[in-house]
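The structure appears right after this line, and notes come after that.
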Amino acid sequence: MIIYGWKTTPLGYEDLGAKCSSCGTMMSVQVFVYQKYAHIFWIPSFPIGKTGASNCSHCKQTLAPKEMPAELKLSYDGLKSRSKTPVWTFSGLIIFSLLVIWGVFAAKQSSAANAKMILAPQAGDIYEVKEGPSSYTLYKVASVQGDSVYILHNMYESNKRSGLSDLMKKEFDTEPEVLLKSELMELFDKGTIDDIKR
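Structure follows, in structure tokens:
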């Protein structure tokens, strides 16, 4: 369940020497400007515009910008243009951007580490293998002798990548398949070997 919506935060107000259009009291009108922002799980995500109102401290008449007399609307527009959008209203966008950057960096680091491991396989390495569009399994390195790598295939497969953790508890074949290191590298380059656990 995603909780989202919008809120406002005050940006500023101004006391005006204007006369209230309702009660006629002088020096009783204030204009306020608020920043509207969207939030997800109460984290400000991005600003969605400014709004405001005028208020008479004597008769409590409140007017939205479109209801304000021309002179009052001019004062409101001036205050609105001088009011700056707070940086924290972009918090969600900033957090999301940082997560994307971190994800790209982590993926590059993982890919570089996998490229090194595929060149120097060790007994016990587990390869996560994508055999088809919805077919995933595991290979386990039984031993390495020179350029030959002895691979044990998991006896089961999953239709989702997330199901590979369950396959770790399942049995592997007892008869190994022999692959050359160059063949393993080819499988890695093609994306068949998706990840390596050591």
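The numbering of the sequence shown is the working numbering, which starts it at 115 and goes up by one. Beta carbons: idealized from backbone N, C-alpha and C, even for Gly. None of these values were measured; they are calculated from a predicted model.
For the beta strand (DSSP E) that contains residue i, what are its first and last residues?
i      : result
Ser262 : Ser262 to His267
Asn228 : Element bounds for Asn228: not the beta strand (DSSP E) but the alpha helix (DSSP H), Ser205 to Leu233.
Phe302 : Unbroken run through Phe302 is the alpha helix (DSSP H), Lys295 to Lys304; no beta strand (DSSP E).
Ser249 : Ser249 to Gln259
Val147 : Val143 to Ile154
Lys244 : Ile240 to Gly246
Asp309 : Ile307 to Lys311
Going by DSSP in three states, residue i sits in which element: helix, strand or coil?
i      : result
Tyr118 : strand
Ser272 : strand
Ala167 : strand
Pro179 : helix
In the DSSP assignment, find the unbroken alpha helix (DSSP H) run with residue i in it and report its ends.
i      : result
Gly192 : Ala184 to Arg196
Asp280 : Leu278 to Leu281
Taking only the alpha-carbon atoms, compute the straight-line gap between residue i and residue j and give it to the nearest angstrom.
i      : j      : result
Ala132 : Phe219 : 57 Å
Phe160 : Trp120 : 10 Å
Leu233 : Lys295 : 7 Å
Asn273 : Ile162 : 42 Å
Thr123 : Ser189 : 20 Å
Ser257 : Asp303 : 22 Å
Ala184 : Gly126 : 20 Å
With a 10 Å radius around its C-beta and 16 neighbouring C-beta atoms as the bar for buried, classify residue i as buried or exposed.
i      : result
Val143 : buried
Gln149 : buried
Gly217 : exposed
Ile310 : buried
message: Any contact between the stretch 221–230 and the stretch 163–175? By contact I mean 3 or more CB pairs, one from each, below 8 Å.
response: no
message: When you compare the stretch 197–211 with the stretch 240–259, are there three or more beta-carbon pairs, one atom per stretch, that lie closer than 8 Å?
response: no
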